[in-house]
Structures are given as structure tokens and as C-alpha cells.
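For the sequence shown, counting from 1, position 77 maps to 126 in the numbering used here; every step adds exactly one.
Each remark here refers to the structure printed beneath this line.
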Amino acid sequence: MINFFRHIRKKLADDNPPSGRAGKPWKYMRYAIGEIVLVVIGILIALQINNWNEQRKTINKEKGYIRSIYQDLEKDLDRINISRAMLTKQYKYGIEVLRAFEQKDVKDMDSVDITNKAGWELTQIIPMMREDNTWDDLKVKGIETYIIKDSLTQLLDGLYANYDIQIDRFNQLPKKVREELRMLTGYCNDSDGAQSIYEKGIDHYGASSPKFRKCILSNENVPRLVSAVTLSAIVNIRLCEGLQKEAEALKNYMEKHFKHLI
Numbered sequence: 050m051i052n053f054f055r056h057i058r059k060k061l062a063d064d065n066p067p068s069g070r071a072g073k074p075w076k077y078m079r080y081a082i083g084e085i086v087l088v089v090i091g092i093l094i095a096l097q098i099n100n101w102n103e104q105r106k107t108i109n110k111e112k113g114y115i116r117s118i119y120q121d122l123e124k125d126l127d128r129i130n131i132s133r134a135m136l137t138k139q140y141k142y143g144i145e146v147l148r149a150f151e152q153k154d155v156k157d158m159d160s161v162d163i164t165n166k167a168g169w170e171l172t173q174i175i176p177m178m179r180e181d182n183t184w185d186d187l188k189v190k191g192i193e194t195y196i197i198k199d200s201l202t203q204l205l206d207g208l209y210a211n212y213d214i215q216i217d218r219f220n221q222l223p224k225k226v227r228e229e230l231r232m233l234t235g236y237c238n239d240s241d242g243a244q245s246i247y248e249k250g251i252d253h254y255g256a257s258s259p260k261f262r263k264c265i266l267s268n269e270n271v272p273r274l275v276s277a278v279t280l281s282a283i284v285n286i287r288l289c290e291g292l293q294k295e296a297e298a299l300k301n302y303m304e305k306h307f308k309h310l311i
């Protein structure tokens, strides 16, 4: 393209030069002006090409960030659903144990199953957490504006701010209660029960020790602790449900507006 402009510039410089001594200087002047114009045109073209390249790089980065954010969101949804399922399981076990205590004189009550749930299932501390993700990284670097739409930025900010708040609330709920329940049921165990757990696995917690079952079912503190664990599970289930709805709404939004990128 530069050669094309140079050819035009040379033709203009050669055409119709003034006659006499003034002709040669005029020809050189037109030649110099033409060279300056050529340089300016070349610079403008180079700048435009550079702008196009930068825009292309920016668009590619945006596509990569969008794709990565969507993948992170799917992982977070999986974590939320897993926590919710574990909490629901704990809630059901808590109800079963509490009902067993209400009916502890019934001869056909499955005391082995109940003591396993009270001594093991209900004492497990369910994790509630999230890993640093693409959106966190963009925020730290101050380049979250790479996201194409402001509405997506607002939704991401809202979800992960709420997610962090709920994690803090989750961690404030009674872990100590579970630890106390675990210690209490541990005190009820004996050598036969401990050996059975070692040989048969934790699923047989209390299964071979009548003393353990009697200790659990006769302890007045167990229903109080099981009630606290069950109530904690209910509260955390609601927290997970709220996060799940918010995350699914964001996922649907991205699938609608950025389907070609994810």
C-alpha cells in the first residue's frame, strides 16, 4: 500500500513542473511534501492496525474470562449442592434420633442404628467453603471491566459477596455442639466397641457394644445436643437453598447472553 502511495506521489511530483530555474526546486519541494504525507499515512495505518490487534486481544481475553467464570460457577453450584445434600442427611438423622429418644422404651427400636447416627453421622462437621476463582482474580487485579456487560458484573458481585457472607454465618453456627456430642458419645464407648470400629470400620460405630447403646440412650444431654445439630442443619439448608437459587439464576443469565462464549 505504501508503494501505491509512493507511485502517486512521484507521478504528482513529475507532472507539470514549472519551467525555468524554478522548476527544479518546486519539484524537490513537492517530492519532500509527498514523502511527509507518505510517512503520516504510514503512521496512521500502523496505528489503526495496532488498534485492531489490541481490540482483538481484548475480545479474546473477554471470551476467556467469560468461559472461565462460567466453569467456576458450575463448580460452586456443585459445592453448594453437595453441602445441601449432606445437611439434609444430617437433618433427617437428627429427627430419627430425637424420635428414638421419645420412644426409648419401645423394644423393637433399632438402637444400633440410632447410636451410630448420634455418635458418628451427626457429629460430622460439614464443610462450607469456596475456592478463589477467576472473578476474584479480576477484582484483585482491578480489571473486572473486561467483562462485556455491566449487568453481569453486578450479578457476579452480588452472588459472591452473598456467598462469602453465608460462609461466615455457616461457620459461626454450632460446631462446638457437634464436638461436644462426639466427645460425649466417645466417653460412652468401651474396649469392645473400639475394637469393633477398628476391625469393621466406622459404620459399625457402637454396633457391638450394649453398654454403648445404653449409655447413649440414657444420657439426658444427647437430645439437647442432637436438637442443636438438627436446628443448625435446618438453618444451613436454607442458606444453601438461597445461594443455589442465586447461582442458578446467574448461570441461566450467562447461558442466555453468552451462549456463544461458553
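Using N, Cα and C, we set each Cβ at its ideal position, and we do this for glycine too.
Less than 8 Å between the CB atoms is what I'm expecting for Gly143 and Ala298, so what's the real figure, rounded?
Indexing the sequence shown from 1 puts residue 143 at position 94. Indexing the sequence shown from 1 puts residue 298 at position 249. Incorrect: roughly 30 Å between the Cβ atoms, too far for contact.
Roughly how many angstroms separate the alpha carbons of Asp125 and Thr164, rounded to a whole number?
Residue 125 sits at position 76 when you count from the first residue of the sequence shown. Residue 164 sits at position 115 when you count from the first residue of the sequence shown. C-alpha separation (whole angstroms): 34 Å.
Please determine, among Ile115, Leu96 and Arg128, the residue with the shortest C-alpha to C-alpha distance to Ile311.
Translated into the one-based positions of the sequence shown, residue 311 becomes position 262. Out of Ile115, Leu96 and Arg128, Ile115 has the C-alpha closest to the C-alpha of Ile311.
For a test of the three-state rule: what should DSSP assign to Asp181, helix, strand or coil?
On the sequence shown, position 132 is the one that residue 181 refers to. DSSP places Asp181 in coil when its eight states are reduced to three.
Using the rule of at least 16 other Cβ atoms within 10 Å of the residue's Cβ for burial, across every protein chain shown, is Asp121 buried or exposed?
One-based indexing of the sequence shown puts residue 121 at position 72. Answer is buried; the Cβ neighbour count reaches 16.
For Met135, which residues from the same chain have a beta carbon less than 7 Å from its beta carbon, with the 5 sequence-adjacent residues on both sides left out?
For the purposes of this step, residue 135 is identified with residue 86 of the sequence shown, where counting begins at 1. Same-chain partners within the cutoff: Ile175.
Would you call the region 262 to 272 in contact with the region 197 to 215, where contact means no fewer than 3 C-beta pairs closer than 8 Å?
The answer is no - the region 197 to 215 does not touch the region 262 to 272, with fewer than three Cβ pairs under 8 Å.
So the alpha helix (DSSP H) Lys198 belongs to, where does it begin and stop?
Taking the sequence shown and counting its residues from 1, one reaches residue 198 at position 149. Element bounds for Lys198: n/a, residue is neither H nor E.
Would you call the CB atoms of Leu205 and Ile118 closer than 9 Å?
The residue given as residue 205 occupies position 156 in the sequence shown. The residue given as residue 118 occupies position 69 in the sequence shown. Contact flag set, yes.
Would you check if the region 88 to 97 and the region 268 to 286 touch, i.e. whether three or more CB-CB distances between them fall below 8 Å?
Cβ pair count under 8 Å is below three, so no.
Answer yes or no: do Asn211 and Leu292 have a C-beta to C-beta separation smaller than 9 Å?
The count along the sequence shown starts at 1 and reaches residue 211 at position 162. The count along the sequence shown starts at 1 and reaches residue 292 at position 243. Yes. Within cutoff.
Taking the continuous alpha helix (DSSP H) assigned at Glu290, which residues delimit it?
What you label residue 290 is simply residue 241 of the sequence shown in a count that begins at 1. Per DSSP, Glu290 belongs to the alpha helix (DSSP H) from Asn270 to His306.
By the DSSP assignment, the alpha helix (DSSP H) with Gly242 in it spans what residues?
One-based indexing of the sequence shown puts residue 242 at position 193. Note, Gly242: alpha helix (DSSP H), Ser240 to Lys249.
Helix, strand or coil for Trp169, going by three-state DSSP, please let me know.
By one-based count along the sequence shown, residue 169 stands at place 120. Of the three classes helix, strand and coil, the one that applies to Trp169 here is coil, per DSSP.
Between Glu145, Val86 and Lys294, which has its C-alpha nearest Val275's C-alpha?
Counted from its first residue, the sequence shown places residue 275 at position 226. For the residues Glu145, Val86 and Lys294, the minimum Cα distance to Val275 belongs to Glu145.
Please report the residue range of the alpha helix (DSSP H) in which Cys237 lies.
Locating residue 237 in the sequence shown gives position 188, where the first residue counts as 1. Cys237 -> no alpha helix (DSSP H), and no H or E assigned at all.
Excluding the five sequence neighbours on either side, which residues of its own chain have a C-beta within less than 6 Å of the C-beta of Met303, listed in chain order?
Here residue 303 refers to the residue found at position 254 when the sequence shown is read from its first residue. Within the same chain, Met303 has close Cβ partners Tyr119.
Count the other CB atoms within 10 Å of the CB of Val278; is the residue buried (16 or more) or exposed (fewer)?
Taking the first residue of the sequence shown as position 1, residue 278 is located at position 229. So Val278 counts as buried.
Which of helix, strand or coil does DSSP assign to Gln215?
The count along the sequence shown starts at 1 and reaches residue 215 at position 166. In the structure shown, Gln215 sits in a helix (DSSP, three-state: H, G or I).
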